[in-house]
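What follows is one structure encoded as structure tokens, with my remarks underneath.
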Amino acid sequence: MSAVQRRDVATSDRELASEVMRAAFPGISFTAADDRPFLFRHAVTGDARLTAYSLTIEGTASGTGTMPEGIAVGGVRSGRFDVSYDRETVDTAQPYLRPPGESRILFQDAHVQLVALDLEAFFAAARRYVEREKLPSLLPRPGRTAPLTPAAARSWRIVSDRVLAAAADEAAFDSPLVRDRLFDTMVRVMLSSFEIAPGAAWADERAVPAGAGVRRAVAYLDEHVAEHVTLPDVAEAARLSVRSVQHVFRRHVGTTPLGYLRDRRLDAVRLELIASDPAESTVADIARRWGFAHLSRFSQAYQARFGEYPRVTIRS
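Under full-length UniProt numbering, the first residue of the sequence shown is numbered 1, with each subsequent residue one higher.
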């Protein structure tokens, strides 16, 4: 098991800040503006497989270059942080998958956190959860940076907060068992939360080859999975009558709109169970948060969909 590496630098020296950034991300330049006060803090904790970065900049700085090869997801805690690739701008208001390739970055009084996984270790671990022929063969790319659903974004925040909290706890992160569990959890949530650019055999099982009305209904349900939704709401979003939306949904999706919503909520529960620490969260609390009030029926529906009970998922 590789040793844990740590570095924490705080400085108002612009040249030193640039050197620290080049050491952490060799392919990216970094220039701090000199028209206002500047303060830089960069903390990194990690091993060969999993690394957590925290970067705080008071002032303005910019850079260009290429991220090192790997799988990385960032999050902006405060301030402004812009990332763009040619004509594509990454939405940094939510967790974002950091693609490789030439990019431009801008910091303005920003606190940014990044969790990175070694590419080879990620694919080796992913083989346990994804059929070999469906294993992603390419890196993330611009235009595919956002979480797949709001539930996926929430689950990612939960697991990334766990990693960052553990990284700040020296005794915890020094434990190989803790790092093993965190890395495995990150891989599982990554595979479920983001669209890794696919190889030829990769397919989204939720893709709906149907008319615009069904696609609008599915998009509405995916967007409002954490909210109270009625059948008339779905029909209005689909621009169809209530009767028509039920008919086309059964024909093209194989279930009812509210049946589809229930499955998406079960998916959201599973993502959160995987991401959560069983010492801090309970199955009941997570299930209720996603609208399942009758826990016995929820447990049966969960087992029917995933082949295991929710208490097994949260402990795995």
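Ideal placement from N, C-alpha and C gives every residue a C-beta, glycine not left out. Since this is a predicted model, take the numbers as computed values, not measurements.
### Task
Would you list the residues sitting across from Ser-103 in a DSSP beta bridge?
Here residue 103 is taken as the residue at index 103 of the sequence shown, counted from 1. Gly-65, per the DSSP bridge assignment.
#### Entry: Backbone CA spacing between residue 321 and Leu-148 [nearest angstrom]
Residue coverage of the chain in this structure runs from 1 to 316, which leaves residue 321 outside it and unanswerable.
### Query
DSSP three-state call for Val-73: helix, strand or coil?
Position 73 of the sequence shown, counting from 1, holds the residue named residue 73. Of the three classes helix, strand and coil, the one that applies to Val-73 here is strand, per DSSP.
### Task
Answer with buried or exposed for Ala-203, where buried requires no fewer than 16 other C-beta atoms within 10 angstroms of its C-beta.
Counted from its first residue, the sequence shown places residue 203 at position 203. Here Ala-203 scores only 38 on pLDDT, less than 50, and its place in the model should not be relied on; the value that follows carries that caveat. Burial call: exposed.
### Three-state secondary structure (DSSP) of Asp-285
Position 285 of the sequence shown, counted from the first residue, corresponds to residue 285. Reduced to three states, the DSSP call for Asp-285 is helix.
### Task
Count the other C-beta atoms from every protein chain shown that fall within 10 angstroms of the C-beta of Tyr-309, then say buried if there are 16 or more, exposed otherwise.
Here residue 309 refers to the residue found at position 309 of the sequence shown. Looking at its Cβ environment, which holds fewer than 16 other Cβ atoms inside 10 Å, Tyr-309 is exposed.
#### Entry: Sequence-distant residues of its chain with Cβ nearer than 7 angstroms to Val-208 (five each side left out)
Residue numbering aside, residue 208 sits at position 208 when the sequence shown is read from its first letter. At Val-208, the pLDDT of 46 sits below 50, so the modelled position is not reliable; the number obtained from the coordinates is stated separately. Here the set comprises Val-214, Arg-215, Val-218, His-252, Val-253.
#### Entry: Beta-carbon proximity of Leu-271 to Ala-151, cut-off 8 angstroms
For the purposes of this step, residue 271 is identified with residue 271 of the sequence shown, where counting begins at 1. For the purposes of this step, residue 151 is identified with residue 151 of the sequence shown, where counting begins at 1. Closer than 8 angstroms, so yes.
### Query
Closest by CA to Ala-279, which one among Arg-262, Ala-52, Ser-316?
As a working mapping, residue 279 is identified with position 279 in the sequence shown. Among Arg-262, Ala-52, Ser-316, the Cα nearest to that of Ala-279 is on Ser-316.
### Query
Hey, how far is the Cα of Pro-257 from the Cα of Val-248?
To locate residue 257, count along the sequence shown from 1; it is residue 257. To locate residue 248, count along the sequence shown from 1; it is residue 248. Approximately 10 angstroms, taken between the alpha carbons.
### Message
Please state the DSSP three-state secondary structure of Ala-146.
### Response
Along the sequence shown, one-based indexing puts residue 146 at 146. Three-state DSSP puts Ala-146 in coil, outside helix and strand.
### Message
Run through the DSSP bridge pairs and tell me what Tyr-96 is partnered with.
### Response
By 1-based counting over the sequence shown, the position of residue 96 is 96. Partner(s): Gly-74.
### Message
Do Val-187 and Phe-122 count as a contact pair if the criterion is CB distance below 8 angstroms?
### Response
As a working note, residue 122 is residue 122 in the sequence shown. As a working note, residue 187 is residue 187 in the sequence shown. In this structure, Val-187 lies closer than 8 angstroms to Phe-122 by Cβ.
### Task
Would you mind sorting Asp-285 into buried or exposed? The rule is 16 or more other CB atoms within 10 Å of its CB.
Here residue 285 refers to the residue found at position 285 when the sequence shown is read from its first residue. Exposed, since its Cβ has fewer than 16 Cβ neighbours within 10 Å.
### Query
How would you write the range of the beta strand (DSSP E) that Asp-263 sits in, first residue to last?
Reading the sequence shown from its first residue, position 263 is the one you call residue 263. No beta strand (DSSP E) holds Asp-263; the alpha helix (DSSP H) holding it covers 257 to 275.
### Message
I'd like to know if the region 292 to 300 and the region 157 to 175 are in contact, where contact means that at least 3 CB-CB pairs between them fall below 8 angstroms.
### Response
no
### Task
Give the straight-line distance between the Cα atoms of Gln-113 and Arg-49, rounded to the nearest whole angstrom.
Translated into the one-based positions of the sequence shown, residue 113 becomes position 113. Translated into the one-based positions of the sequence shown, residue 49 becomes position 49. About 17 angstroms.
### Message
Please return the same chain residues whose Cβ sits closer than 7 angstroms to the Cβ of Val-234, not counting the five positions on each side in sequence.
### Response
Numbered from its first residue, the sequence shown carries residue 234 at position 234. Only Ala-217, Tyr-220, Leu-221, Val-245, Pro-257 meet the Cβ criterion.
### Message
Measuring only the C-alpha atoms, how far is Thr-31 from Ser-160?
### Response
Here residue 31 refers to the residue found at position 31 when the sequence shown is read from its first residue. Here residue 160 refers to the residue found at position 160 when the sequence shown is read from its first residue. C-alpha separation (whole angstroms): 28 angstroms.
### Query
Would you report the Cα separation of Gly-70 and Ser-103, rounded to the nearest angstrom?
Within the sequence shown, numbered from 1, the residue matching residue 70 stands at position 70. Within the sequence shown, numbered from 1, the residue matching residue 103 stands at position 103. For Gly-70 and Ser-103, the distance between alpha carbons rounds to 15 angstroms.
### Beta-ladder partner(s) of residue 317, from DSSP
This structure gives no information on residue 317, because the portion of the chain shown stretches from 1 to 316.
### Message
If distances are taken between C-alpha atoms only, which option among Ser-78, Asp-109, Asp-277 comes closest to Leu-182?
### Response
Sequence index remark: in the sequence shown, residue 182 carries index 182 (1-based). For the residues Ser-78, Asp-109, Asp-277, the minimum Cα distance to Leu-182 belongs to Asp-277.
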